[in-house]
Amino acid sequence: MSMLNDLWKALLLSVMLGCILGVAVGVRDTARNKAAIVSDLNRDALLAVDTVELLARNLRLAVTTVAANIDPDNMADSAVQLWPQLSEEWRDFRTVLIIDMSGTIAADLGRGGAAVGTDVSFRDYFREIVTDPSRIYFVGAPIISQFDGQWVLPVSAPILDTDRVLRGVVTASVEYGYFEPDAWQTLGARTNLHLLALETGSVFDLDLEHPLLAPQARIGSAALDIGTQHIDDLPHGLPIPGQTAFVVRTSHEGLGVIVSRPTDEIDAEAAKAGTFVGSLTGILSALMLFIFLRGRVMLRRVRADARQLRLLQERQRLATSAGGIGIWDLEISSGKVVWDALMHRCYGTDPATFPATFEAWRERLHPADMANTIATFQKAVKTGTDLTAKFRILTPQGEERTLQASASITEGPDGRSKHMIGVNLDITREIAREMALKDALERIEHDATHDALTGIGNRRGFFYHVDALAARYREDAPTAVLLLDIDQYKMVNDVVGHTGGDHLLKTVATLLETALGADGYVARIGGDEFAMILCGADLENRAQTMSERILALCREPVPYKTMTIRYTASIGIAIGKLSAAHRLLEDADIALYAAKNSGRNQSQLYSHEMRVKSEQKKHLADDLTIAIEQGQIGIRLQPQVCARSETLSGAEVLMRWWHPQRGELSPPEFLPVATELGLLPELDRIMMKQAVEAAKTLARQGIVLPSLSMNISVERLTQPDLIADVANLPDYPGELIFELLEATDFSCSHQDVFARIAELRDLGVKFAVDDFGSGHASLTTLLALNPDYVKIDKRLVIEGTTDAASPSPFLITISELCHRLDIATIAEGVETRETVDMMAALGADILQGFFIAKPLNVPEFVTWSRQEAAEGGVTAPREQPLNGG
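Heads up: the sequence shown runs through residues -10 to 874, numbered per our numbering.
Below you can see the structure in the form of structure tokens.
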């Protein structure tokens, strides 16, 4: 009985010890199993994100390359021209959309243009780029295509012009098949794989059955379980109740990977294995400790074999899913390397002869990249961090290639050794494209800051240089800006043609660069305007000396083909602080205008008085526009009489501006401004129309004007609308005379001027040379123009009386010359009775001056005419117009 009790006690004790030991072992093993399952889940996430990152990087490179090759000014056509290359090199594109700034699809590549004209401005892939044009690309949320209902992932990039201004958006989309999850998603049962769009926080399942089913809709919306694992924080909260999940984001590609399994399933799987081990341990511990220990060793061996099997499966999955990506496995302690066929293809090696060692790989590294690549590798091994490297290799055939490597460190099959498992991607072509794009951008940047004709800087380049000077000098550094303009450049173009004008511009650009040397910078900022900038001490003296030297060089003739171009230039100089360079350019422009007004072929230093005059000119220009609209422009008539009979022979029409504040203004005070504003044709139309209306008003008062004469510039003669303005005038029975300044050199005038004069003569217009004797060679002018009248300059008339009260030899010569050429003469500036008698005796035909009458308005003209008739002075003219009295 006692033996039996001892047996029962032994049995009870064995059972109790077995149960205690079994429970303890079961609890411990359950925890270990759960840790192993979670570790496998972690590795799944890391391997999945490596694949996704490589695929996404190719997609991003493709989209940004497309955007860089789209012409912003002709997006649709350039996109169509680019499509054959895209369809060949990036076959995974489902479609490529070119979207203009209104959100309308301008080109649809890949579907035959089915989406052209569709408004997609509400889509995230358009709105995000427009909101922030500086971003390189944007990965949008997956969408269902409104055209064929397919699952697509859109990736967008901005289309920028040369000024870095957003002109449109390129959006490329890939389908589910791009990621090929069926090929590499070898996960455990009920293990979920999702992609995460980091920009939008959108999560989508790589499941063709439910391609857009979000985890929230699938597993509820409660908060994350306490046991949920994280590698990185999510940009937006992702509630996954009842799940153990790993979230890994790509480095720069805008995507992440979420790998998760139900927590209860993990617990159940771990508990099942733990219960089995604990029960077995409890039973066998009562019978035989050796069997228990032997079972533990076998169990560990089974687990090691399972890990090795999973490792081989991962390598198989990556090799078959990521086309063109080589897989390698390095045992760190021994240096042994396992390469797949694609690795050998990347390195150009023969698997049969290539030694599978770390040293053999190092020998293939480019000498220039070897040290840095080895250091990066050793750092990853030492710290246990992931490896990311870009390096060049030399194949056995001597070809240089660029590879992108990514790798992670993990345990080996024995659980003790460490392995580095990674992938290599040949990115040689992508690097070549990036370099080509870089060169293109550099060329665009150069062209944006340089003048295409002369090769020197342009306006933008000038201000870029100012910014560069600001980095070298203090803000208050003394600075001089010189602005040069070629005098009468339009006339040069008219004489030698635009090709000759371009030759002159290039000559001046070279001249200025040579004159400035290393001391300054020159840019062509307008048609024939060149800006120069100097910094340093003694600037006023240096700038003045430099400008005089440049003006002297500009006076030298320029050979061109079989002719010689003679020209001059004017320069405006402004001196101030470097920080006010933009203002200095304005001041130099004001000084240049002053140099032009002072006779050209000179330089002027800016002063505050010049700006005051310039601002007054601006106000005058504004007022002149208003004056035309409000009818403030009018005329005065100065009577002209026959020198022999003293009968009224006509009147000169003088334009006036009755300014509300400044009163009556004469033409020299506003015509230069009108010419610059292009208002001269309108003023001429007003003057001619009012002159004819005034003559008709006087005719109704019994005062007939046989002729009306008015000044007109040679520039106005070159404008075709002058013919229509004259033809559209109200009927006028007298002569219409156009007075041309004798200061114009008609021998050099363009043929268009003489053609216009011939057309006007066909309309009955007569021509007179005004201020004769004050300008170019008079004989040349008379021969070229063959005028109907010569109007002797009033200074010659006033000063043409000698001490003996007889006409000067110059007046006698002019009169005899005109009479011999059968040209009537008009003497202006007649201010005394003696001058009237002298010019009549000399043979002048018509007299004009204050002795006869000052310029009059119509009522004053009526009063003057009647008063002269009453006093026996000027009488009514004959019915027919007089030519020479």
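Cβ coordinates follow ideal geometry from the N, Cα and C atoms, glycine included.
Legend entry - Unbroken alpha helix (DSSP H) run spanning residue 356, endpoints: 356 to 372
Legend entry - Three CB pairs or more closer than 8 Å across the segment 587 to 601 and the segment 611 to 618: no
Legend entry - Separation of residue 448 from residue 631, as counted between CA atoms: 59 Å
Inset, instruction - Enumerate in chain order the residues of its own chain whose CB-to-CB distance from residue 67 is below 6 Å, with the five nearest sequence positions on each side excluded. - result: 59, 60
Inset, instruction - For the alpha helix (DSSP H) containing residue 809, list its first residue and its last residue. - result: 798 to 809
Inset, instruction - Whole angstroms is fine: what's the gap from residue 351's alpha carbon to residue 363's? - result: 8 Å
Inset, instruction - Would you mind stating whether residue 624 and residue 643 have Cβ atoms separated by less than 8 Å? - result: Judged by beta-carbon spacing, residue 643 lies within the 8 Å limit of residue 624, meaning their Cβ atoms are closer than that value.
Inset, instruction - Report the residue from 394, 54, 276 whose alpha carbon sits nearest the alpha carbon of residue 419. - result: 54
Inset, instruction - Report yes if the C-beta distance between residue 762 and residue 804 is below 8 Å; otherwise report no. - result: One thing to note: residue 762 has its Cβ no nearer than 8 Å to the Cβ of residue 804.
Inset, instruction - Examine the Cβ distances between the segment 461 to 470 and the segment 518 to 526 and report whether three or more of them are shorter than 8 Å. - result: yes
Inset, instruction - Give every residue of the same chain whose Cβ lies closer than 6 Å to the Cβ of residue 122, excluding the five residues on either side of it in the sequence, and list them in chain order. - result: The answer, listed in chain order, is 147, 155.
Legend entry - C-alpha gap between residue 669 and residue 116, whole angstroms: 50 Å
Legend entry - Residues bridged to residue 393 [DSSP beta-bridge criterion]: 379, 414
Inset, instruction - Helix, strand or coil for residue 385, going by three-state DSSP, please let me know. - result: coil
Legend entry - Euclidean distance between Cα positions of residue 619 and residue 650: 14 Å
Inset, instruction - Look up residue 842 in the DSSP assignment and say whether it is helix, strand or coil. - result: Residue 842: coil per DSSP, three-state reduction.
Inset, instruction - Run the CB neighbour count on residue 719, radius 10 Å, all protein chains shown included, and call it buried at 16 or more, exposed below. - result: exposed
Inset, instruction - Leaving out five residues on either side along the sequence, give the residues of the same chain with a beta carbon under 8 Å from the beta carbon of residue 528. - result: 467, 468, 469, 564
Inset, instruction - Spell out the partners DSSP gives residue 181 in its beta bridges. - result: 249
Legend entry - Check whether residue 493 and residue 554 have beta carbons under 8 Å apart: yes
Legend entry - Burial state of residue 317, where buried means 16 or more other Cβ atoms lie within 10 Å: buried
Legend entry - Per DSSP, cross-strand counterpart(s) of residue 778: 757, 813
Inset, instruction - Inspect the beta-carbon positions of residue 604 and residue 627 and report whether they are closer than 8 Å. - result: no
Inset, instruction - Report yes if the CB atom of residue 410 is closer than 8 Å to the CB atom of residue 393, and no otherwise. - result: Contact annotation: residue 410 and residue 393 have beta-carbon atoms that are not nearer than 8 Å.
Legend entry - Cβ separation of residue 38 and residue 237, assumed to be a contact under 8 Å, to the nearest whole Å: At roughly 4 Å, the Cβ-Cβ gap stays under 8 Å, so residue 38 and residue 237 are in contact.
Legend entry - Distance between residue 96 and residue 65 (C-alpha atoms, nearest Å): 5 Å
Legend entry - 8 Å contact criterion, which residue 703 and residue 752 should meet: CB distance rounded: With 8 Å as the limit, residue 703 and residue 752 do not qualify as a contact, their Cβ atoms being about 18 Å apart.
Legend entry - Local conformation of residue 325 per DSSP, three classes: strand
Legend entry - Buried or exposed by the 16-neighbour rule on C-beta atoms within 10 Å, applied to residue 42: buried
Legend entry - Reference residue 830, options 677, 489, 816, closest by Cα: Minimum Cα-Cα distance from residue 830 among the listed residues 677, 489, 816 corresponds to 816.
Legend entry - Check: residue 315 C-beta below 7 Å from any heavy atom of the ligand SAM: Ligands in the displayed structure: none, and consequently the ligand SAM is not present.
Legend entry - Run of the alpha helix (DSSP H) containing residue 151, from where it starts to where it stops: No alpha helix (DSSP H) holds residue 151; DSSP gives it neither H nor E.
Inset, instruction - Within 10 angstroms of the Cβ of residue 361, are there 16 or more other Cβ atoms? Answer buried if so, exposed if not. - result: exposed
Legend entry - CA-to-CA distance, residue 424 to residue 504, given in whole angstroms: 38 Å
Inset, instruction - Let me know the secondary structure DSSP gives residue 263 once reduced to three states. - result: helix
Legend entry - Under the three-state DSSP convention, the category residue 875 falls into: The requested residue 875 does not occur in the structure, where the chain is confined to residues -10 to 874.
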